[in-house]
Amino acid sequence: CALAQQRCHDERPEPREVAGRRVICHFAEAALAAAGRARRA
């Protein structure tokens, strides 16, 4: 994953809901925000 950082290796993320989606990512909010900005550009 392009967003992977040390935290990803140290701590497995728990499944959760973000913006109505089921995600397993520490940085889901940032990824979804970046995707939204890319669509508008």
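All the letters of the sequence shown, read from the start, carry residue numbers 38 to 78 under the working numbering. Quick reminder that beta carbons are idealized off the backbone N, C-alpha and C, glycines included.
Item checked: residue 69 to residue 44 span [Cα, whole Å] -> Cα-Cα distance, rounded: 19 Å.
Margin query: Which residue marks the beginning of the beta strand (DSSP E) containing residue 53, and which one marks its end?
Written below: Run containing residue 53: 53-55, per the beta strand (DSSP E) assignment.
Check: When the Cα atoms are used, what is the spatial distance from residue 65 to residue 55?
Finding: Rounded to the nearest whole angstrom, the C-alpha separation of residue 65 and residue 55 is 7 Å.
Checklist line | Boundaries (first-last residue) of the beta strand (DSSP E) holding residue 49 | finding: Where residue 49 is concerned, there is no enclosing beta strand (DSSP E), given that its DSSP letter is neither H nor E.
Note to self: Is residue 71 close to the ligand SAH? I mean its beta-carbon at under 6 Å from any heavy atom of the ligand.
What the structure shows: The ligand SAH is not among the ligands present in this structure, which contains no ligands whatsoever.
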